[in-house]
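Novice: Here my numbering = 1-based position in the sequence shown + 18. C-beta atoms are modelled at their ideal positions from N, C-alpha and C, and glycine is treated no differently.
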Amino acid sequence: MVAKLLVSQNSSYLFPASVELKNFPDKEAHILIRDLESCRGQDVQVLHRCYPKQDSSLLQLFLMGKTISKAAARMEAVIPYLPYARQDKIWKPGEALSAEAICEMVASAGFSSIATFDCHFVKKAGEVTYGGIKIRNFTLSEDLVAYFKAKKPDAVFISPDQGAKYLVNEIGGASMVKKRGEYSAHKRRAVRQVESLEVNGNLDVKGRDVVILDDMIAGGGTMIRATRAVLALGARSVCCGCTHGLFLGDAYTKLQSAGAEEIIASNTIASEASKIDILNPLKAKILGSF
19 MVAKLLVSQN SSYLFPASVE LKNFPDKEAH ILIRDLESCR GQDVQVLHRC YPKQDSSLLQ
79 LFLMGKTISK AAARMEAVIP YLPYARQDKI WKPGEALSAE AICEMVASAG FSSIATFDCH
139 FVKKAGEVTY GGIKIRNFTL SEDLVAYFKA KKPDAVFISP DQGAKYLVNE IGGASMVKKR
199 GEYSAHKRRA VRQVESLEVN GNLDVKGRDV VILDDMIAGG GTMIRATRAV LALGARSVCC
259 GCTHGLFLGD AYTKLQSAGA EEIIASNTIA SEASKIDILN PLKAKILGSF
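And the structure:
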């Protein structure tokens, strides 16, 4: 059975929308599945972006699931960037394990699986079960590598930490080692700053073009340190690529100032760096069956 695709209004830049998203005057969400009856007895995939406005977008997804599940045989949530994925560990007593809770919420809406790209806590391509739901994690590493290979055929590819090493494994890339400090107060939130980022002793980048790949660039601290470290070792140039480009605050310009020649991301999150289109990977890897 070929899965039926329902597309949220916020993903209409990829496919025509079949799910209407509105708000009542009091700002409560209003969800309308335009042809719910066509889902009767079908396997259904629901494509919905959950960033920005993560909290309200996740509620919209929950309401979609509760509605569609009344007709569908099975459902999968297709979420190009899965928010809260970085909150998969408890560092301080009393913290919410938000990544797990969000997955549990999606499961409770009736979805049997989540399909996403380069989920932060999975750290590999493939299937895992987490928070009571199957997660199908697909990588855009091939697309990122192909983009840079076309410009810099002899580039050295590295990841800025062990967690992202799977992005460069297939091309024999190396990984840096990242160490974080303890929690410290930072305005209204607690953060664990990157204290050091070390280059593998066997990695020779002197006079070479280097490409650093990570699953995401948020505040940019990790990628900035990685860029500076590689340039300090004599790299001819450094380019940075990621699947999810959040670029919080002035992260993009800071990374440029650190010496990055080019910075790219996919359009899982739209930004000035979005050079990798997820449309073809969606069609080839995710849509149609689960």
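I'd like to check one pair, Thr286 with Phe166: are the Cβ atoms closer than 8 Å?
Specialist: Result no, Cβ atoms of Phe166 and Thr286 do not sit closer than 8 Å.
Novice: What residue from Asp53, Ser56 and Phe33 has the CA that sits closest to His66's CA?
Specialist: Here the closest residue by C-alpha is Phe33.
Novice: Between Phe139 and Asp106, how many whole angstroms is the CB-CB distance? I'm expecting something under 8 Å.
Specialist: Their Cβ separation, rounded to whole angstroms, is 4 Å, which keeps Phe139 and Asp106 in contact under 8 Å.
Novice: Comparing C-alpha positions only, which one of Tyr270, Ala182, Ala89 and Glu280 sits nearest to Ser255?
Specialist: Comparing Cα-Cα distances from Ser255 to each of Tyr270, Ala182, Ala89 and Glu280, the minimum goes to Glu280.
Novice: Please confirm if Ala288 has its CB atom under 8 Å from at least one CB of chain D.
Specialist: The structure shown contains no chain D, having only a single protein chain.
Novice: With a CB to CB cut of under 8 Å and the five nearest residues on each side skipped, what residues in its chain are close to Leu77?
Specialist: Within the same chain, Leu77 has close Cβ partners Ala47.
Novice: Tell me the start and end of each unbroken beta strand (DSSP E) in the segment 127–152 that is at least 3 residues and wholly inside, in chain order.
Specialist: DSSP runs (the beta strand (DSSP E)) wholly in the segment 127–152: 131–135 and 144–148.
Novice: Does the beta-carbon distance from Lys84 to Cys57 come in below 8 Å?
Specialist: No, the pair does not count as a contact, with Cβ atoms beyond the cut-off.
Novice: Suppose contacts are defined by Cβ-Cβ distances below 8 Å. Is Met19 in contact with Val62 by that definition?
Specialist: No, these two residues do not count as a Cβ contact at 8 Å.
Novice: Per DSSP, what kind of secondary structure is Gly225 in: helix, strand or coil?
Specialist: Residue state, collapsed to three classes: coil.
Novice: For Ala278, which residues from the same chain have a beta carbon less than 6 Å from its beta carbon, with the 5 sequence-adjacent residues on both sides left out?
Specialist: So the qualifying residues of the chain are Thr245, Val256 and Cys258.
Novice: Using 8 Å as the cut-off, can you tell me whether the segment 227–246 makes contact with the segment 168–176, which would need three or more C-beta pairs spanning the two stretches below that distance?
Specialist: These segments touch.
Novice: At what residue ranges does the segment 46–93 contain a whole run of the alpha helix (DSSP H), taking only runs of 4 or more?
Specialist: The segment 46–93 contains these whole alpha helix (DSSP H) runs: 72–86.
Novice: For a test of the three-state rule: what should DSSP assign to Val124, helix, strand or coil?
Specialist: In this structure, Val124 counts as helix in the three-state DSSP scheme.
Novice: Could you spell out where the beta strand (DSSP E) holding Gly259 opens and where it closes?
Specialist: Its beta strand (DSSP E) spans residues Ser255 to Gly263.
Novice: DSSP on Leu158, reduced to helix/strand/coil?
Specialist: Correct three-state label for Leu158: coil.
Novice: How about the segment 176–188 and the segment 232–239: do they share at least three Cβ pairs that are nearer than 8 Å?
Specialist: Short answer: they touch.
Novice: Identify the continuous beta strand (DSSP E) that holds Leu23 and give its terminal residues.
Specialist: Looking at the DSSP string, the run of the beta strand (DSSP E) that includes Leu23 is Lys22 to Val25.
Novice: In angstroms with no decimal places, state the Cα-to-Cα distance between Leu221 and Pro43.
Specialist: Approximately 58 Å, taken between the alpha carbons.
Novice: With distances taken Cα to Cα, identify the nearest neighbour of Ser159 among Ala250, Glu290 and Pro299.
Specialist: Per the Cα distances, Pro299.
Novice: Could you give the residue range of the alpha helix (DSSP H) that holds Ala250?
Specialist: Counting along the chain, the alpha helix (DSSP H) containing Ala250 begins and ends at Gly239 to Ala250.
Novice: From what residue to what residue does the beta strand (DSSP E) around Ala278 run?
Specialist: Where Ala278 is concerned, there is no enclosing beta strand (DSSP E), given that its DSSP letter is neither H nor E.
Novice: Can you tell me whether Ala192 is helix, strand or coil according to DSSP?
Specialist: It is a strand residue.
Novice: Between which residues of its own chain and Gly59 is the CB-CB distance below 7 Å, once the five residues before and five after are set aside?
Specialist: Within the same chain, Gly59 has close Cβ partners Ala91.
Novice: Can you look up Leu300 in the DSSP assignment and give me helix, strand or coil?
Specialist: If DSSP states are grouped into helix, strand and coil, Leu300 belongs with the helices.
Novice: Rounded to the nearest angstrom, what separates Gly181 and Lys40 at their Cα positions?
Specialist: Distance between the alpha carbons of Gly181 and Lys40 is about 38 Å.
Novice: Give me the Cβ distance between Pro111 and Tyr69, rounded to the nearest whole Å; I'm assuming they're in contact under 8 Å.
Specialist: At roughly 28 Å, the Cβ-Cβ gap does not stay under 8 Å, so Pro111 and Tyr69 are not in contact.
Novice: Does the separation of the CB atoms of Lys272 and Ile242 fall below 8 Å?
Specialist: The answer is yes: Cβ separation under 8 Å.
Novice: Please name the residue in Ala247, Leu251, Ala250 and Ala288 whose C-alpha comes closest to that of Leu266.
Specialist: Residue Ala288 is the option with its Cα nearest to Leu266.
Novice: Look at the alpha carbon of Lys71 and the alpha carbon of Leu162, and state the distance between them as a whole number of angstroms.
Specialist: Each residue's alpha carbon lies about 26 Å from the other.
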